[in-house]
Amino acid sequence: MIKFESVYLIRNNKEIFSNLNFSVQKNEKVLIQGKSGIGKTTLFKLLLGFEIIDKGRVSFNDLDIGKEHIKNIRSQIFYLSQDIDLKDGRVSDLLDEILEHNVLKNQDKGHFTDLLNFLDLSDKLLDQTIKELSGGERQRIGLLICFLLDRPVWLLDEPTSALDDIMKKKIVDYILDQEKTIILISHDNVWKKNNAVKIERWL
Amino acid sequence: MGAQDLNLLSLMSLFIFLIPVFYINRRLRLTINKTMLTSIARMCIQLSFVGVYLEFLFKFNSPVLNTVYLLIMISIACQSIIRSSNLKVRLFFMPVFFSLLIPFTIILIFFNAVVVRIDNLFEAKYLIPIGGMLLGNCLRSIIIGLNNFYSGIKKDEKVYLYSISIFNSRIQALKPYFKESFLAAITPTIASMATIGLVSLPGMMTGQILGGSIPMVAIKYQIAIMFSIFYTEYFSTMLSVLFSLKVGFNELDVLNQNIFISKG
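Protein chains in written order, with my numbering: chain A, 305 to 507; chain B, 4 to 267.
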């Protein structure tokens, strides 16, 4: 489903990828590990078209990442960035705006409430602004958006780093149980305990 | 009837007050004497030249010449806007030029044809001073608009890109930056319309009254000019952002980093 073929990328005179070959099958769950600065996040940015490779080919469902297909490709990928870079504003306004611009498969109000409960997010929190949230709350809002949008591919950059152990376990089990194609970047060992994950170690 | 001519020597007498200014600057170690002098010299030279051009333009009063003069004025304004916005002139010239030209032409023709009802739409006496006033005011608002828009996105690039990924819509992701920069650009003019006459008497009105118009006529012109300035600013600022999107972003909606003038 996702393919990197002989990919080369140089940024600021630093070689980030040289002859990278990497692929992910449909509904596969891949955990990428490796020290920081090795280009894990850049991998996600390439898939979203935020960075452009110097040489090689990056494809999504056999479509090249480029002007022609980018809208289609982005509509299928949910990206949770490490710092959850949501623009500031009231959480509920942001959620409304997101729902207004995305067609949801499951528009059930009950589904929304279930997700809030599952993520331990209170109604009161929805009236706060993004800036007022703690790191853990922000992470859970990011995951809430992920589960709501329900896109087929999830790119998750440290999705559990700010959560407590109980919540971590709950979320890992939930995520790995989904019929989704998921690429993960995480230093949390809790992902490895599950056999559903294929581990990709970058040195 | 006209204002009384100023004797060159009496005009020069205004330099006298530079002496205490210089003295105080030096005592307070405000290192602006040099900049101040350059600015004063530029003002005197530029305005003298304009005086000579205008005499020339008014004498011939040729529609072609007047139009060419205005186009040159727009080009200069354009360069100055782009440079002050810390953007590259080469990339932004065309978009900014047209975003000035379109509203400017429409408003100027409307002003001359419908408001003042002069027969010769290209009459130098109206075309050039009014055109200059519109341009001068647009300069400020487009600079604020373009600068806030592009530097806002640059500063906030992660958030902008994240919005792209969530909304999958460039318009939706750009909206907050557009809104913020546009409001910053036109708010000062809206505010100045609210206080005009209470605090300050605008230069154009003063000039007209000195030139012999009765106050009521000067005020009517002033109202017409304020409307025109506001409309031109409003549309040229909006268009300058819209027209420049194509050079500002690559085809995958990512901000082009090479549009900024590198400082250093």
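Ideal Cβ positions, reconstructed from N, Cα and C, are used throughout, including at glycine. Since we're looking at a predicted model, the values are computed, not measured.
Item: Phe-321 (chain A) and Leu-459 (chain A) closer than 8 Å at C-beta; Value: no
Item: Spatial distance of Lys-409 (chain A) from Glu-236 (chain B) (CA atoms); Value: 44 Å
Item: Residue environment, Thr-34 (chain B), which counts as buried when at least 16 other CB atoms sit within 10 Å; Value: exposed
Item: Three-way DSSP call (helix, strand, coil) for Ile-388 (chain A) in this model; Value: coil
Item: Contact list for Leu-352 (chain A) against chain B, beta-carbon separation under 7 Å; Value: Ser-168
Item: Cutoff 7 Å; reference Gly-148 (chain B); Cβ partners in own chain excluding five residues on either side; Value: Ser-184, Phe-185, Ala-188, Thr-240, Ser-243 and Val-244
Item: Through-space distance from Pro-191 (chain B) to Arg-143 (chain B), alpha-carbon basis; Value: 10 Å
Item: Residue-chain proximity (Asn-171 (chain B), chain A), Cβ-Cβ < 8 Å; Value: yes
Item: Within chain B, the residues that Ile-470 (chain A) reaches when beta carbons sit closer than 8 Å; Value: The contacting residues do not exist; Ile-470 (chain A) stays about 28 Å from chain B at best.
Item: Integer-rounded CB distance, given that Leu-448 (chain A) should sit under 8 Å from Leu-542 (chain A); Value: Since the displayed chain A opens at 305 and closes at 507, residue 542 (chain A) lies outside it and no answer follows.
Item: Beta-carbon separation (whole angstroms), Leu-419 (chain A) vs Phe-382 (chain A), contact threshold 8 Å; Value: Going by Cβ atoms, the distance from Leu-419 (chain A) to Phe-382 (chain A) rounds to 14 Å, so no, they are not a contact pair.
Item: Chain-order list of residues whose beta-carbon lies under 6 Å from that of Val-250 (chain B) (same chain, five-residue window excluded); Value: Leu-94
Item: Leu-361 (chain A) - partner residues in DSSP beta bridges; Value: Note on identity: in this sequence residue 361 (chain A) is Arg, with Leu being the wrong assignment. Paired residue(s): A:Glu-309.
Item: Whole-angstrom C-beta distance between Leu-124 (chain B) and Asn-115 (chain B), which should lie under 8 Å; Value: 5 Å
Item: Partners in chain B for Lys-371 (chain A), counting only beta-carbon separations shorter than 7 Å; Value: Glu-254 and Leu-255
Item: Against chain A: residues of the segment 175 to 189 of chain B by CB proximity under 8 Å; Value: Gln-175 and Pro-179
Item: Cβ-based neighbour list, Gln-7 (chain B), same chain, cut-off 6 Å, excluding 5 preceding and 5 following; Value: none
Item: Closer than 8 Å to chain A by CB, Lys-161 (chain B); Value: yes
Item: Own chain residues within Cβ distance below 7 Å of Ala-127 (chain B), not counting five before or after; Value: Leu-60, Phe-61, Asn-64 and Asn-69
Item: Identity of the residues DSSP links to Tyr-383 (chain A) by a beta bridge; Value: A:Leu-459
Item: CA-to-CA distance, Leu-453 (chain A) to Leu-204 (chain B), given in whole angstroms; Value: 57 Å
Item: Other residues of its chain near Ile-156 (chain B): CB distance less than 6 Å, five sequence neighbours each side excluded; Value: Tyr-163, Tyr-180 and Leu-258
Item: Outcome for Val-71 (chain B) when other beta-carbon atoms lying within 10 angstroms are tallied against a minimum of 16; Value: exposed
Item: Chain-ordered chain B contacts of Asp-389 (chain A) [CB-CB under 8 Å]; Value: Lys-161, Val-162, Leu-164 and Tyr-165
Item: Per-residue DSSP class, three states only, for Leu-448 (chain A); Value: helix
Item: Coil, strand or helix - Asn-323 (chain A) by DSSP; Value: strand
Item: Within-8 Å CB hit, Glu-438 (chain A) to chain B; Value: Just to set this straight, residue 438 (chain A) is Ser in the shown sequence, not Glu. Output row for Ser-438 (chain A): interface = no.
Item: Unbroken alpha helix (DSSP H) run spanning Leu-399 (chain A), endpoints; Value: 395 to 404
Item: Bridge partners - Leu-367 (chain A), DSSP secondary structure assignment; Value: A:Phe-364
Item: Whether Ser-396 (chain A) touches Asp-431 (chain A) by CB criterion (8 Å); Value: yes
Item: Residues that Lys-375 (chain A) contacts on chain B, provided the C-beta gap is smaller than 9 Å; Value: Asn-171 and Ser-172
Item: Simplified DSSP state of Phe-252 (chain B), which is helix, strand or coil; Value: strand
Item: Cβ-based neighbour list, Ala-500 (chain A), same chain, cut-off 6 Å, excluding 5 preceding and 5 following; Value: Lys-333 and Leu-480
Item: Candidates A:Glu-355, A:Ile-475 and A:Lys-428: closest to Asn-316 (chain A) by CA position; Value: A:Glu-355
Item: Environment of Gly-267 (chain B) [buried if 16+ CB atoms lie within 10 Å]; Value: In this prediction, Gly-267 (chain B) scores a pLDDT of 49, lower than 50, which makes its location untrustworthy; the coordinate-derived value is nonetheless stated afterwards. Burial call: exposed.
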